[in-house]
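A.B. asks: Heads up: the sequence shown begins at 5 in this note's numbering, then just goes up one per residue. The C-beta atom is built at its ideal place from N, Cα and C for all residues, glycine as well. Predicted model only: the values in this text are computed from it and were never measured.
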Amino acid sequence: MDLKDCIPKDKFDLAAIDRAVEAGFPQINPILPDLLEWIKDGNWPVALPTASLLSGAGPEIIPFVKSILNADDGMWKYWTIGLVVRPALTKKRMAVQADLGRLTLNPSQDDLNCDVVEQAKAVLLGLKRAF
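Set out below in structure tokens:
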């Protein structure tokens with residue numbers, strides 16, 4: 005299977021996500037950044053199944069998540085934290101702990117407008133409770 009077939013063509017392309025799930029990890033690791041694009045808006049039909057798949061990714065996803073958390077798109081940060089980071093295993097949440105802390109201490113106006121701080125605090129609180 006061509007990995008391009010596992011990347012949605014539009015926000016309704018659930019078949020592409022089904023193919024990505026079927027291919028599984030580590031086969032889809034090369035397209036992780038492409039798949040993360042589809043959680044920019046959690047209201048898109050492909051967002052939830054994509055996020056569910058991505059939350060189960062291995063440590064290879066961490067650099068891409070960190071890149072999103074350090075970017076300028078508050079809404080993408082919000083959905084990434086809520087849909088991918090929050091349900092991920094503790095080890096992966098810990099890998100972005102410093103980035104989440106920075107977002108709570110030094111948020112941009114867009115982060116404040118998009119409730120990124122609240123999402124980050126919720127994950128940090130969950131990490132605190134885990135230990």
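1) Spell out a yes or no on whether the stretch 104 to 112 and the stretch 48 to 66 are touching, meaning 3 or more CB-CB pairs, one atom from each, closer than 8 Å.
2) Along the chain, where does the alpha helix (DSSP H) that runs through Ala92 open and close?
3) Using three-state DSSP, classify Lys48 as helix, strand or coil.
4) Between the alpha carbons of Thr94 and Arg133, how many angstroms are there, rounded?
5) Over the uninterrupted alpha helix (DSSP H) stretch that includes Ser71, give me the two end residues.
6) Could you spell out the range, first to last residue, of the alpha helix (DSSP H) harbouring Met79?
7) Which residues in the same chain have their Cβ closer than 6 Å to the Cβ of Asp14, if we skip the five residues on either side of it in sequence?
8) Along the chain, where does the alpha helix (DSSP H) that runs through Gln31 open and close?
9) From what residue to what residue does the alpha helix (DSSP H) around Phe117 run?
C.D. replies: Quick look at the numbers:
1) no
2) Residue 92 sits at position 88 when you count from the first residue of the sequence shown. Element bounds for Ala92: n/a, residue is neither H nor E.
3) For the purposes of this step, residue 48 is identified with residue 44 of the sequence shown, where counting begins at 1. The question names Lys, but residue 48 in the sequence shown is Trp. DSSP places Trp48 in coil when its eight states are reduced to three.
4) The count along the sequence shown starts at 1 and reaches residue 94 at position 90. The count along the sequence shown starts at 1 and reaches residue 133 at position 129. Approximately 11 Å, taken between the alpha carbons.
5) For the purposes of this step, residue 71 is identified with residue 67 of the sequence shown, where counting begins at 1. Taken as a continuous stretch (DSSP letters only), the alpha helix (DSSP H) holding Ser71 covers 66 to 73.
6) The count along the sequence shown starts at 1 and reaches residue 79 at position 75. First-last of the alpha helix (DSSP H) with Met79: 78 to 84.
7) The residue given as residue 14 occupies position 10 in the sequence shown. Nothing meets the Cβ criterion.
8) Numbered from 1 along the sequence shown, position 27 holds the residue referred to as residue 31. Per DSSP, Gln31 belongs to no alpha helix (DSSP H) and is neither H nor E.
9) Start at 1 with the first residue of the sequence shown, and residue 117 comes out as number 113. Going by the sequence as given, residue 117 is Asn instead of Phe. First-last of the alpha helix (DSSP H) with Asn117: 113 to 117.
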